[in-house]
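Taken in sequence, the protein lines are chains Z and Y. Everything in the first sequence is counted per full-length UniProt numbering, starting at 1 for the first residue and increasing by one. Everything in the second sequence is counted per full-length UniProt numbering, starting at 1 for the first residue and increasing by one. Using N, Cα and C, we set each Cβ at its ideal position, and we do this for glycine too. Nothing here was measured: the structure is a model prediction, and the numbers come from that model. This report concerns only the one structure given below.
There are 2 protein chains.
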Amino acid sequence: MIRASIRASSRVSSRLLACKNCYVPVSQRITSALVSGSAVNNNIRFYSDKPQPKLTVENYPNIKRLESFKKLGKEDLDYFKTILSQQEILEANENEDLAFYNEDWMRKYRGQSKLVLRPKTTEQVSKILKYCNEQNLAVVPQGGNTGLVGGSVPVFDEIVLSLTQLNKIREFDEVSGILKCDAGVILEAADMFLAERGYIFPMDLGAKGSCHVGGIVATNAGGLRLLRYGSLHGTVLGLEVVLPNGEIVNSMNALRKDNTGYDLKQLFIGSEGTIGVVTGVSILCPIRPNAFNVSFLGVESYEAVQKVFVQAKKELGEILSAFEFMDLKSQNLTKIHLADMDHPLADDHPFYILIETSGSKKEHDDAKLEAFLESAMEDGLVVDGVVAQDETELKNLWQWREMIPESSQAGGGVYKYDVSLPLKDLYSLVDAANARLEEHGLLSIDDESKPVISAVGYGHVGDGNLHLNVAVRRYTKEVEKCLEPFVYEFVSSKNGSISAEHGLGFQKKNYIGYSKSEQEIKMIKQLKNLYDSNTILNPYKYV
Amino acid sequence: MIRASIRASSRVSSRLLACKNCYVPVSQRITSALVSGSAVNNNIRFYSDKPQPKLTVENYPNIKRLESFKKLGKEDLDYFKTILSQQEILEANENEDLAFYNEDWMRKYRGQSKLVLRPKTTEQVSKILKYCNEQNLAVVPQGGNTGLVGGSVPVFDEIVLSLTQLNKIREFDEVSGILKCDAGVILEAADMFLAERGYIFPMDLGAKGSCHVGGIVATNAGGLRLLRYGSLHGTVLGLEVVLPNGEIVNSMNALRKDNTGYDLKQLFIGSEGTIGVVTGVSILCPIRPNAFNVSFLGVESYEAVQKVFVQAKKELGEILSAFEFMDLKSQNLTKIHLADMDHPLADDHPFYILIETSGSKKEHDDAKLEAFLESAMEDGLVVDGVVAQDETELKNLWQWREMIPESSQAGGGVYKYDVSLPLKDLYSLVDAANARLEEHGLLSIDDESKPVISAVGYGHVGDGNLHLNVAVRRYTKEVEKCLEPFVYEFVSSKNGSISAEHGLGFQKKNYIGYSKSEQEIKMIKQLKNLYDSNTILNPYKYV
Numbered sequence: 001m002i003r004a005s006i007r008a009s010s011r012v013s014s015r016l017l018a019c020k021n022c023y024v025p026v027s028q029r030i031t032s033a034l035v036s037g038s039a040v041n042n043n044i045r046f047y048s049d050k051p052q053p054k055l056t057v058e059n060y061p062n063i064k065r066l067e068s069f070k071k072l073g074k075e076d077l078d079y080f081k082t083i084l085s086q087q088e089i090l091e092a093n094e095n096e097d098l099a100f101y102n103e104d105w106m107r108k109y110r111g112q113s114k115l116v117l118r119p120k121t122t123e124q125v126s127k128i129l130k131y132c133n134e135q136n137l138a139v140v141p142q143g144g145n146t147g148l149v150g151g152s153v154p155v156f157d158e159i160v161l162s163l164t165q166l167n168k169i170r171e172f173d174e175v176s177g178i179l180k181c182d183a184g185v186i187l188e189a190a191d192m193f194l195a196e197r198g199y200i201f202p203m204d205l206g207a208k209g210s211c212h213v214g215g216i217v218a219t220n221a222g223g224l225r226l227l228r229y230g231s232l233h234g235t236v237l238g239l240e241v242v243l244p245n246g247e248i249v250n251s252m253n254a255l256r257k258d259n260t261g262y263d264l265k266q267l268f269i270g271s272e273g274t275i276g277v278v279t280g281v282s283i284l285c286p287i288r289p290n291a292f293n294v295s296f297l298g299v300e301s302y303e304a305v306q307k308v309f310v311q312a313k314k315e316l317g318e319i320l321s322a323f324e325f326m327d328l329k330s331q332n333l334t335k336i337h338l339a340d341m342d343h344p345l346a347d348d349h350p351f352y353i354l355i356e357t358s359g360s361k362k363e364h365d366d367a368k369l370e371a372f373l374e375s376a377m378e379d380g381l382v383v384d385g386v387v388a389q390d391e392t393e394l395k396n397l398w399q400w401r402e403m404i405p406e407s408s409q410a411g412g413g414v415y416k417y418d419v420s421l422p423l424k425d426l427y428s429l430v431d432a433a434n435a436r437l438e439e440h441g442l443l444s445i446d447d448e449s450k451p452v453i454s455a456v457g458y459g460h461v462g463d464g465n466l467h468l469n470v471a472v473r474r475y476t477k478e479v480e481k482c483l484e485p486f487v488y489e490f491v492s493s494k495n496g497s498i499s500a501e502h503g504l505g506f507q508k509k510n511y512i513g514y515s516k517s518e519q520e521i522k523m524i525k526q527l528k529n530l531y532d533s534n535t536i537l538n539p540y541k542y543v
Numbered sequence: 001m002i003r004a005s006i007r008a009s010s011r012v013s014s015r016l017l018a019c020k021n022c023y024v025p026v027s028q029r030i031t032s033a034l035v036s037g038s039a040v041n042n043n044i045r046f047y048s049d050k051p052q053p054k055l056t057v058e059n060y061p062n063i064k065r066l067e068s069f070k071k072l073g074k075e076d077l078d079y080f081k082t083i084l085s086q087q088e089i090l091e092a093n094e095n096e097d098l099a100f101y102n103e104d105w106m107r108k109y110r111g112q113s114k115l116v117l118r119p120k121t122t123e124q125v126s127k128i129l130k131y132c133n134e135q136n137l138a139v140v141p142q143g144g145n146t147g148l149v150g151g152s153v154p155v156f157d158e159i160v161l162s163l164t165q166l167n168k169i170r171e172f173d174e175v176s177g178i179l180k181c182d183a184g185v186i187l188e189a190a191d192m193f194l195a196e197r198g199y200i201f202p203m204d205l206g207a208k209g210s211c212h213v214g215g216i217v218a219t220n221a222g223g224l225r226l227l228r229y230g231s232l233h234g235t236v237l238g239l240e241v242v243l244p245n246g247e248i249v250n251s252m253n254a255l256r257k258d259n260t261g262y263d264l265k266q267l268f269i270g271s272e273g274t275i276g277v278v279t280g281v282s283i284l285c286p287i288r289p290n291a292f293n294v295s296f297l298g299v300e301s302y303e304a305v306q307k308v309f310v311q312a313k314k315e316l317g318e319i320l321s322a323f324e325f326m327d328l329k330s331q332n333l334t335k336i337h338l339a340d341m342d343h344p345l346a347d348d349h350p351f352y353i354l355i356e357t358s359g360s361k362k363e364h365d366d367a368k369l370e371a372f373l374e375s376a377m378e379d380g381l382v383v384d385g386v387v388a389q390d391e392t393e394l395k396n397l398w399q400w401r402e403m404i405p406e407s408s409q410a411g412g413g414v415y416k417y418d419v420s421l422p423l424k425d426l427y428s429l430v431d432a433a434n435a436r437l438e439e440h441g442l443l444s445i446d447d448e449s450k451p452v453i454s455a456v457g458y459g460h461v462g463d464g465n466l467h468l469n470v471a472v473r474r475y476t477k478e479v480e481k482c483l484e485p486f487v488y489e490f491v492s493s494k495n496g497s498i499s500a501e502h503g504l505g506f507q508k509k510n511y512i513g514y515s516k517s518e519q520e521i522k523m524i525k526q527l528k529n530l531y532d533s534n535t536i537l538n539p540y541k542y543v
């Protein structure tokens with residue numbers, strides 16, 4: 001019988017601020033206050049254990065500040081003081097280096113902005129942008145600053161336009177489930193607000209305690225509920241956006257259907273703050289499921305993973321809410337890291353699967369899951385498995401998926417790739433990367449002289465989203481050159497995407513050509529030029 | 001006990017080619033052959049019972065042909081003959097008036113095109129458009145020509161670019177459920193192809209036997225499965241589009257996630273052929289449910305309709321696939337029309353609800369539905385109801401919803417409005433329209449001297465989509481002036497949309513201002529100008 005209990009472990013006690021696909025370890029982090037009055041106190045924010053990064057311009061000396069941008073002057077500050085209160089303006093001075101706003105979450109990038117503006121209204125955002133556009137002052141829109149590609153921090157001296165204080169829930173319709181809120185509402189706050197009313201925000205990710213609703217829309221974040229509720233392109237019903245010239249585009253309607261004209265809002269979903277600043281979001285929220293199940297399974301091949309996925313879609317149908325896979329290498333690293341915990345399955349298997357269901361009736365979900373697992377085992381597709389019996393076990397099972405990123409970098413460091421690939425090719429990248437690293441004599445699980453420990457693969461099968469983590473003992477140019485552009489070329493050859501959900505930002509700006517055709521890049525540039533001809537919005541990034 | 005059987009009726013025997021929200025009665029219609037070799041024979045197509053319409057230019061004498069467009073010459077035909085075979089070119093001559101391509105489905109509009117091009121490849125489409133753009137020849141892209149707003153037929157002498165012969169399924173991934181096909185594949189053919197593989201097309205509508213996959217994408221059709229599977233903006237993963245200048249934009253990837261650059265394909269979803277011609281579609285298809293239930297309920301108020309909707313979302317959760325409401329007036333008209341059938345409920349009720357569930361396990365769905373209905377009746381929300389016991393009963397229950405459009409026009413004619421409104425305001429338009437018609441002395445259910453019989457309301461509560469049908473004995477200017485722009489102004493005052501799913505086309509081009517702000521219209525025109533500066537694509541329409 002596959003039903004077995006999982007031991008709870010005290011080992012995994014620290015709070016995880018993790019995107020389930022991209023774990024971001026943070027020793028201490030102050031979650032800003034929820035919904036209202038959530039002014040982040042930049043004196044008490046703590047970062048990851050990493051040391052303060054070098055300035056981005058030091059790491060990337062080839063990138064030059066655009067000469068066309070004006071340098072901030074006293075007259076500019078004087079203007080901003082006419083439209084914003086003192087509390088809405090933060091200037092760099094001897095006591096204040098604005099590090100909170102200049103550095104990204106991972107401490108990989110550091111800008112040199114001297115000014116942070118924190119408007120409380122859309123009209124203020126409009127006035128700020130209109131002025132900056134006229135004066136050629138570069139601006140970086142910033143939400144919760146939890147991005148992973150350096151998209152939300154300045155590169156040089158761009159003004160930071162923080163949406164933190166634009167943070168009110170505007171309206172919720174309990175019949176339709178349509179939520180309207182300011183861009184700066186924290187995702188967790190929105191979800192808690194909805195939970196009290198029996199609804200759920202249609203996406204979730206580990207940084208929910210810090211990231212903003214506007215930020216996830218601007219970056220088209222993927223996260224955990226995509227398999228179930230689809231992408232933000234489907235769930236976002238309307239946006240309020242301020243264009244670089246200060247014009248406000250208001251499509252904050254509460255309609256599921258509106259077939260009058262091009263769907264303009266779609267352009268801003270995933271535009272990463274390069275053509276407009278999202279200030280308001282209208283989104284359709286589903287009823288909160290009240291039953292959750294998690295099962296952890298062992299299978300013998302990647303082909304079996306795919307077969308189990310098809311079977312799960314058929315038998316679990318409408319209640320399937322996550323289908324994650326992990327290879328043995330990823331679990332071996334995690335076993336070292338979670339040394340005090342027993343792995344859910346006693347024996348090794350080439351691949352593991354985590355299945356989550358969520359539905360409206362527990363006994364029905366249990367019956368479906370049990371029937372599915374029995375048939376999958378009878379068919380020989382699944383060779384071993386467990387089902388969580390309570391909330392604690394459910395969380396513990398998720399640990400073996402969630403702790404892979406931290407485990408991957410525990411040996412010294414990690415090269416991370418977040419890619420989309422057609423499902424049949426999803427795992428081939430991991431095999432190819434391992435083969436290549438071996439071929440170059442860089443890989444050994446126990447020979448300390450080799451830089452690479454292991455290249456492991458895991459991800460959201462349901463979304464075709466693979467995470468390739470190359471665990472290393474140390475960062476070396478040799479490893480980097482072995483992996484890049486190899487990984488991007490491989491993904492491109494399979495018509496995949498070099499960024500499944502993290503976006504382009506600063507990090508991947510130059511690699512867009514691996515995912516998009518020349519024609520598409522031309523059109524992307526046309527749109528950038530159409531809306532932001534002075535390129536004041538989030539320069540040096542995206543495209 | 002609410003479970004009761006519904007008598008099957010022989011009265012409703014004719015095949016319904018109906019969009020469930022907008023029924024289009026057609027006495028005979030030849031569905032073109034499926035998937036391949038589906039060249040529509042324009043000599044055997046039959047239309048609605050209505051007489052051939054006047055030319056659009058006769059009905060709308062104020063609209064003038066754009067002088068900038070070249071008139072078709074022999075040299076143009078000569079060119080087309082170099083890139084297309086004889087079978088791919090249809091010229092008007094004494095035996096061929098091209099009526100199939102010049103007239104819309106409803107026989108409301110009639111153009112005067114002398115040339116229809118029916119390419120078989122994307123490259124041919126590209127060459128055609130490049131040439132037309134260079135020569136300033138106006139073009140109307142045409143799919144199955146089942147639109148309801150005159151968007152797919154010429155107004156003057158535009159060349160018709162029919163996608164009928166671009167009709168191959170390109171690829172299907174049985175693991176991910178991603179279908180790639182040509183634009184000209186008929187929706188029903190795509191769905192049948194998917195059904196054989198256990199999948200379902202994520203949208204459905206009555207015209208499925210004729211409409212094209214490319215056409216539903218280009219018009220962002222809504223249809224029946226929106227409540228369950230969401231809009232095409234979420235399910236379409238990639239498009240192949242030919243721009244007016246002949247450039248091919250290929251984003252036909254098979255990825256659920258791709259965060260590299262603006263999501264260009266979204267612009268073409270719902271663009272109604274005004275900025276590009278969709279030639280290929282990549283779409284995510286869900287597993288086909290194998291259990292369906294339909295229930296028909298009587299409630300006492302519109303407030304109760306809303307409460308039952310919330311309750312249904314909570315208790316039926318993931319299996320709820322349709323939630324339709326109808327007012328008593330609509331059922332009274334339908335009773336006259338379906339005189340040989342007994343209404344599902346013996347007594348009159350101010351409002352009726354049709355609920356459909358679809359899921360992966362019949363017994364679970366039955367149990368959920370039964371529990372929901374019992375609690376809704378105990379709470380006094382639902383006062384009477386029936387559940388279909390078999391496929392025939394299920395179809396019969398749907399009749400009382402589907403036959404409303406035909407019943408509405410059976411007395412002489414009907415003014416139809418397809419609008420989106422915030423849910424709480426959804427029905428208020430029907431009350432307002434009735435009050436206004438009464439006030440103007442135009443309305444009487446039995447006084448034959450009054451032009452209006454009844455203004456009835458029904459629609460997709462789940463989508464906030466109301467259909468207001470004003471049943472009339474005869475069309476009069478007085479009624480039209482009483483209703484327009486009144487209806488549009490009312491919808492606009494509630495921040496609704498004047499076109500929920502039918503689009504703008506020719507019919508609503510001039511009314512976009514009721515749903516979109518000046519700022520949005522400006523941006524829509526900017527995009528039109530960006531991609532089609534010569535305005536050769538689908539002129540006189542949309543914006």
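- Using beta-carbon distances, R256 (chain Y) counts as an interface residue toward chain Z, with a partner under 9 Å.
- For D390 (chain Z), the number of other beta carbons within 10 angstroms of its own is below 16, and it is reported as exposed.
- Ranking Y:Q409, Y:T82 and Y:S497 by CA distance to the CA of K74 (chain Y) puts Y:T82 first.
- Nearest CB-CB separation between K481 (chain Y) and chain Z: not below the 9 Å threshold.
- Positions of the alpha helix (DSSP H) runs, each at least 4 residues long and wholly inside the segment 150-191 of chain Z, cannot be given because no such run exists.
- In this structure, DSSP gives K120 (chain Z) a state outside helix and strand, which the three-state scheme calls coil.
- Within 8 Å of the CB of L466 (chain Y), no CB atom of chain Z is found; the nearest one sits about 10 Å away.
- For K335 (chain Y), there is no enclosing beta strand (DSSP E); the residue is part of the alpha helix (DSSP H) that begins and ends at L328 to H337.
- A straight line joining the alpha-carbon of L426 (chain Z) with that of D418 (chain Z) spans about 12 Å.
- In the displayed model, Q112 (chain Y) falls within coil according to three-state DSSP, outside both helix and strand.
- For Q519 (chain Y), the residues of chain Z that pass the 8 Å Cβ criterion are E247, I248, V249 and N250, in the order they occur in the chain.
- Residue contact with chain Z for E123 (chain Y): absent (no Cβ-Cβ distance below 9 Å to any residue of chain Z).
- Pairing L297 (chain Z) with V310 (chain Z) gives a Cβ-Cβ distance that is not under 9 Å.
- Looking at the DSSP output, G298 (chain Z) sits in a beta bridge with Z:Y352 and Z:D384.
- Between G261 (chain Y) and K516 (chain Z), the beta carbon gap of about 5 Å places them in contact (Cβ cut-off 8 Å).
- Given a length threshold of 3 residues, each whole run of the beta strand (DSSP E) inside the segment 215-292 of chain Y is given here in chain order: 236-242, 248-250 and 277-284.
- Listed along chain Z, the residues sitting closer than 8 Å to H364 (chain Y) by beta-carbon distance are K361, H364, A367 and K368.
- Here the segment 279-292 of chain Y lies against the segment 198-208 of chain Y, with 3 or more beta-carbon pairs under 8 Å apart.
- Taking a Cβ-Cβ cut-off of 9 Å, the neighbours of F309 (chain Y) in chain Z comprise V175 and S176, given in sequence order.
- Using a Cβ-Cβ cut-off of 9 Å, M403 (chain Y) does not count as an interface residue toward chain Z, since no Cβ of chain Z sits closer than that to its own.
- Under the Cβ criterion (8 Å, minimum of three pairs), the segment 268-283 of chain Y does not count as touching the segment 504-514 of chain Z.
- In this structure, Z:Q306 is the residue among Z:N95, Z:Q306, Z:L527 and Z:L161 with its C-alpha nearest to the C-alpha of K424 (chain Z).
- Burial state of T164 (chain Y) is buried, judged by a 10 Å Cβ sphere holding 16 or more other Cβ atoms.
- Per the DSSP secondary-structure output, H460 (chain Y) pairs in a beta bridge with Y:E324 and Y:N465.
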